[in-house]
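Before any comments, here is the structure.
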Amino acid sequence: MTKMASLQPIRGTHDLLPDEMRAHRHVVGTARRIVELYGYEEIATPIFEFSQVFQRTLGEASDIVTKEMYSFADKGGDLITLRPENTAGVARCFISEGLAQQVPVRFFYAGPMFRHERPQKGRQRQFHQIGVELIGLAQPEADVEVIAAGVRVLDALGVLGKTVLEINTLGDHESRESYRQALVAYFGEHTAGLSEDSRTRLSRNPLRILDSKDEGDRRIVADAPLFADYLNPASVAFFDRVTAGLETLGIAFAPNPRLVRGLDYYSHTAFEFTTTALGAQGTVLAGGRYDGLIKMMGGSDTPGVGWAAGVERLAMLCGTAPAARRPVALVPVGAAAEAEAVKLAERLRASGLRVDLAYSGNLGRRMKRANRIAASASILIGDDELSRGAATVRNMDSGTQEEVALPSLEEFLAQYR
RNA sequence: GUGGCAUUAGCUCAGGUGGUUAGAGCACCAGAUUGUGGAUCUGGGGGUCGCCGGUUCAAGUCCGGUAUGCCACCCCA
C-alpha cells in the first residue's frame, strides 16, 4: 500500500469533524430524549456478531446478505460480520440475556452500521442509525405507539413536515405465503415481459416486483393479484386497528399497497417516512413488525415491532447544525498575569464556564482568537488589574467592558454560562 | 454489482483548438494598529493539477487504466 492510498479514508466512510458531529449529536440526543418519554431505555449491542445472526434472520436471498455484508474470519476462524442493521443484534441480545422474563421491553439504540454498497449522497458504507424496538407485545397498539414515537422524533427535529408516512401490511405468515404463491404464479406466466431484474426477483423476493420502476414491469404489475385479496381476516383486522389508532392520534399517513420490505423477518405492519428532499435516498425512518424473528433465532415465540432511522439523512434534512456553546476567553498580558490566568481558568471551569486560554500571543492576537472562537466575553488581566485584584470583562457582542473583582468573577460571569 | 458525470490551493471554482515561472474569491499568516477582536487597506505563505502509464519536441489540457466523489439503477436508514 502506498503512503497516499493509506491516508485516504476507506471508501464510503467519513470523518465526523466538530460541525458534523454536533449535527449528529443533535439528532441522536433529540431522539433519545423523546423516546425516553415513551419508556424506551438505551442499550448498546456489539457492532459485530457471528455472521449467522444476520444470515439466518435477514433472509439468505436478501440484498444485504448476498452482497452488502462486511464479513471476515477472525483469528480463531469464526465468521464475523459488521452489523448491517441492529434489529437482529437486539433480538440476539434479547435471547442471550434471557429478557423474555421481562416483556414487554422497550429499547433505544444509536450507533454505526456497515453495508458494502456503492456510496452516494445519503448512502455510506459506515453510517449511523438510531432505532427503537418494542419486544413482547402482539397488539396493534404497539405498532401505533412505535410509529407515534417516530412522528414525535421527526417533529422535534423539525423535519416531520418534509416527510410522508407510507404504510402497508405484509399480513401474517399465512397470508403472505399464499399471496407470494399467487404472485409467483402470475408473474411466472409473464416472464417474457419482465425486466431482467424482476426475473431475478421472481425467485428471490417476488413482492419486490410490485415496486419496480421498469415501465414494462409496471404494465404487468397493474394486473397482478392484489394483496388485499389474500389477507386473512385476522391480518385485515390487525391492520385496521393500526390505522384506526393512527387516526385517533391524528397521525397522517398514506397507504401504499406496494410498500414491501427487503428483510425476511417482517410481518404485518410495514412503514416508511420518506422525503423528496434527499434525492434517491428518500427513506429517513422505517420499520415494521417482526413477529417471527425471535422464534426463528431460537428464542421463545415473541412478537416485536420497531424502526430505524438514518442519522446522516436526518442531519441533512435538519440543515444547519446547532451552534457550539460559546466560551469565554481568558486574555492575560504579562508573565505574572499568565501565571495567574492558568489558575483562574481552572477556577472558572469548576464553576461551569467553558474557558479558552491561549498560551501565546500579545493582546491583539489573543483578542482576535477570542473573536474567532465566538467567545461571548473576554477576561483581560494585566499588571494594572492584578495590582487591584481585579479583571476587565469585555462583552464581545456589545464591546462594553467593566472591571470586576477577582473573587466575584464566577458570580459576574454567570450570565455567560 | 451496472451505467453516466466529475476530480486544479484548506474550501468554492476559473484555466478556447496541448505551448514560457498554474490563477481568482473565501479562509489562513503578517503589517497598518507593541493594553483591546469584528470592518478596510497592503503584503505573504500555501498546489507532485487524485494516482499510474501512454501519445507528443511539449500534457492541467489528448488517450488508457485505477482510486475517490456525485447522479441514476439495484437496494435501503
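For what it's worth, this note's numbering labels the leading residue of the first sequence as 559, then goes sequentially.
Even for Gly, the Cβ is constructed at its ideal location relative to N, Cα and C.
Cα-Cα, which of the options is closest to residue i?
i, options, result
"Pro965", "Asp955, Glu943, Arg952, Ser956", "Glu943"
"Ala893", "Tyr974, Val611, Gly940, Glu655", "Gly940"
"Tyr667", "Met925, Ser770, Ala602, Ala706", "Ala602"
"Gly719", "Ala810, Tyr744, Arg734", "Ala810"
"Gly587", "Leu712, Ser756, Arg907", "Leu712"
"Leu723", "Arg912, Asp787, Glu805", "Glu805"
"Tyr788", "Pro764, Leu741, Arg757", "Leu741"
"Gly917", "Arg927, Leu906, Leu911", "Sequence check: residue 917 is Tyr here, not Gly. Tyr917 has its Cα closest to that of Arg927, out of Arg927, Leu906, Leu911."
"His572", "Ser654, Arg591, Pro670", "Pro670"
"Arg569", "Pro677, Val663, Glu594, Ala812", "Pro677"
"Ala786", "Ile778, Arg777, Phe796", "Phe796"
"Val794", "Gly729, Gly808, Tyr737, Asn763", "Gly729"
"Pro567", "Gln684, Glu600, Lys625", "Gln684"
"Gly808", "Arg590, Lys901, Ile705, Thr758", "Ile705"
"Arg907", "Asn920, Glu969, Gly864, Ser945", "Glu969"
With burial defined as no fewer than 16 other Cβ atoms inside 10 Å of the residue's Cβ, what is the status of residue i: buried or exposed?
i, result
"His686", "buried"
"Met579", "exposed"
"Gly634", "exposed"
"Arg923", "exposed"
"Thr958", "exposed"
"Gly536", "Summary: the structure shown does not reach residue 536, with the chain confined to residues 559 through 975, and so no result is reported for it."
"Arg650", "buried"
"Asp955", "exposed"
"Leu565", "exposed"
"Glu703", "buried"
"Ala792", "exposed"
"Thr749", "exposed"
"Arg952", "buried"
"Asp701", "buried"
"Asp775", "buried"
"Leu752", "buried"
"Thr833", "buried"
"Arg734", "buried"
"Gln682", "buried"
"Leu971", "buried"
"Asn929", "exposed"
Give every residue of the same chain whose Cβ lies closer than 7 Å to the Cβ of residue i, excluding the five residues on either side of it in the sequence, and list them in chain order.
i, result
"Thr878", "none"
"Gly850", "His731, Tyr823, Ser825"
"Leu637", "Phe608, Ser609, Ser629, Ala631"
"Gly617", "Val623, Leu821, Asp822"
"Leu640", "Ile605, Phe606, Tyr628, Phe672"
"Ala948", "Glu961, Val962, Ala963, Leu964"
"Ala903", "Leu888, Val913, Leu915"
"Pro885", "Arg912, Val913, Asp914, Ile931, Ala933"
"Asn726", "Pro813, Asn814, Pro815, Leu817, Ala828"
"His582", "Leu574, His686, Val869, Ala873"
"Val717", "Leu872, Leu875, Cys876"
Hey, quick one: how far does the beta strand (DSSP E) through residue i stretch, first residue to last?
i, result
"Gly669", "663-672"
"Phe811", "Unbroken run through Phe811: none, as it is neither H nor E."
"Asp770", "A small fix is needed here, since residue 770 is Ser in this sequence, not Asp. No beta strand (DSSP E) contains Ser770, which DSSP labels as neither H nor E."
"Gly689", "684-693"
"Leu616", "Careful: Leu616 lies outside any beta strand (DSSP E), inside the alpha helix (DSSP H) at 609-616."
Tell me which residues share the same chain as residue i and place their Cβ nearer than 8 Å to its Cβ, disregarding the 5 neighbours each side in the sequence.
i, result
"Ala866", "Glu643, Asn644, Thr645, Gln687, Ile688, Gly689, Leu843, Ala844, Gly845"
"Ala658", "Phe652, Gly694, Gly857, Ser858, Thr860"
"Pro576", "Ala882"
"Met559", "The predicted model places Met559 with a pLDDT of 32, which falls under 50 and marks its position as unreliable, so this point remains unresolved."
"Lys853", "Asp859, Thr860"
"Gly746", "Leu760"
Return the chain-ordered list of same chain residues with a C-beta closer than 6 Å to the C-beta of residue i, the five sequence neighbours on each side being excluded.
i, result
"Gly680", "Leu836, Gln839, Arg871"
"Pro890", "Glu896, Ala899, Ile939"
"Ala782", "Tyr744"
"Glu754", "none"
"Tyr848", "Tyr823, Tyr824, Gly862"
"Leu768", "Val779, Arg816"
"Val611", "Ala646, Arg650"
"Glu830", "Glu724, Thr841, Ala844"
"Leu765", "Val818"
"His584", "Pro880"
Can you give me the start and stop residues for the alpha helix (DSSP H) that residue i sits inside?
i, result
"Ser629", "Here Ser629 belongs to no alpha helix (DSSP H); instead the beta strand (DSSP E) covers 628-631."
"Val818", "That residue, Val818, is in no alpha helix (DSSP H); it is neither H nor E in DSSP."
"Ile653", "645-654"
"Thr588", "576-594"
"Glu675", "Looking at the DSSP string, Glu675 is not in any alpha helix (DSSP H), and its letter there is neither H nor E."
"Leu637", "Run containing Leu637: none in the alpha helix (DSSP H); it sits in the beta strand (DSSP E), 637-640."
"Pro698", "698-714"
Note down, one range per segment and in chain order, each alpha helix (DSSP H) of at least 4 residues found wholly within the stretch 895-962.
921-930, 941-946
Only counting runs of 4 or more residues, tell me where the alpha helix (DSSP H) segments fall wholly within the stretch 723-795, in order along the chain.
731-746, 754-762, 773-780, all fully within the stretch 723-795.
Fully enclosed by the stretch 821-894, which beta strand (DSSP E) runs are 3 residues long or longer?
825-832, 841-847, 862-868, 886-890
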